[in-house]
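What follows is one structure encoded as structure tokens, with my remarks underneath.
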Amino acid sequence: MNTTLYEFDAEKYEKASDHQKEWGSQLAQELHLQGDERILDLGCGDGAMSAQLARRVPNGMVVGLDASLGMIDAARKHQTDNLQFVHKDMNAIEYIDEFDVIVSNAALHWIKNHQNLLRRVCLALRKNGVVRFNFAADGNCANLIRAVRDALSSPAYCSSFVDFLWPWYMPTLQEYEELMQRSKFTEVRVWPENADRFFPDAEAMIRWIDQPSLVPFLTHLRGHDR
């Protein structure tokens with residue numbers, strides 16, 4: 001399974017990502033950090049969660065990594081002595097025994113080959129290290145996905161999407177449990193979370209859908225079809 005890399009609009013994302021930031025804050029709290037850990041944040045986006053993590057490890061180090069140059073450029077406004085950002089595809093990380101904690105918030109559904117990802121994460125993790133991922137799974141945004149699939153199969157768009165590769169990997173709980181159990185991690189726990197959120201108005205919901213959800217589809221379309 002190949003993962004297509006997309007370029008996102010960091011300014012639009014910042015205005016539409018309140019929910020992602022909320023989930024990131026929760027994840028950071030749940031890690032119960034000691035303050036000296038080395039942390040890798042995969043798919044760091046605009047760096048909001050990476051910055052939170054850096055404040056929690058004043059004697060440690062955080063590396064935020066993202067494949068979108070626009071996101072990394074925006075993230076670098078958070079850069080400090082213990083926080084740096086790297087423009088890189090997480091499918092190609094080559095760290096060996098470098099991190100105590102590896103995290104990802106609302107990003108890994110963009111990665112198709114999790115077997116490769118987990119292998120690379122396992123290599124990057126130090127002994128007794130911790131991995132904490134939060135990403136969309138089967139059933140997430142079901143109504144939106146149904147509407148998108150209906151649009152892609154409509155007469156207006158079906159011919160434009162004949163060779164389109166679906167951008168997301170959203171496994172079932174059982175599917176991901178089995179994948180994790182085949183990995184080299186010593187303790188594995190996979191669980192579902194209710195991430196339902198509400199929007200103050202229709203405009204806010206449209207902004208959230210536009211960045212980043214619609215990017216793969218708009219990128220695929222020719223300019224006059226958008």
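Start counting the sequence shown at 1; every next residue gets the next number (my numbering).
Positions of the beta carbon are idealized from the N, C-alpha and C atoms, including for glycine.
Exercise for the section: Please name the residue, chosen from D89, E30, L33, that lies closest to G45 on a Cα-to-Cα basis. Expected result: D89
Exercise for the section: Write down the C-beta distance between G24 and M49 rounded to the nearest angstrom, noting that I regard them as a contact closer than 8 Å. Expected result: 3 Å
Problem - the region 78-93 / the region 50-60 touching (three or more Cβ pairs under 8 Å) - result: yes
Handout entry: Given F199 as reference, the closest of D9, Q20, E11, F8 once Cα atoms are compared
Key = Q20
Problem - Reduced DSSP secondary structure (H/G/I, E/B, other) of D66 - result: strand
Problem - Residue environment, I111, which counts as buried when at least 16 other CB atoms sit within 10 Å - result: buried
Practice task
Can you tell me which of the three DSSP states K239 falls into?
Solution key: No statement about residue 239 is possible, as the shown extent of the chain runs from 1 to 226 and does not include it.
Problem - Short Cβ contact (8 Å threshold) for L69 with E7 - result: yes
Handout entry: Bounding residues of the beta strand (DSSP E) (the contiguous stretch that carries Q84)
Key = 83-87
Handout entry: Which residues DSSP lists as bridging F164, in chain order
Key = According to DSSP, F164 bridges with nothing at all.
Exercise for the section: Go ahead and pull the three-state DSSP assignment for F198. Expected result: coil
Exercise for the section: Check whether the Cβ atoms of G35 and V57 sit closer than 8 Å, and answer yes or no. Expected result: yes
Handout entry: Rounded C-alpha distance that separates A107 from S183
Key = 20 Å
Practice task
In angstroms with no decimal places, state the Cα-to-Cα distance between N140 and L27.
Solution key: 18 Å
Exercise for the section: Please classify L40: does DSSP put it in a helix, a strand, or coil? Expected result: strand
Practice task
Would you grab the beta carbon distance between L42 and I102 for me? Rounded to a whole angstrom, and I think it's under 8 Å.
Solution key: 7 Å
Practice task
Tell me whether D100 is buried or exposed, calling it buried when 16 or more other Cβ atoms sit within 10 Å of its Cβ.
Solution key: buried
Handout entry: Sequence-distant residues of the same chain with beta carbon closer than 6 Å to T172, five excluded per side
Key = D138
Problem - Distance CB(L40)-CB(A124) smaller than 8 Å - result: yes
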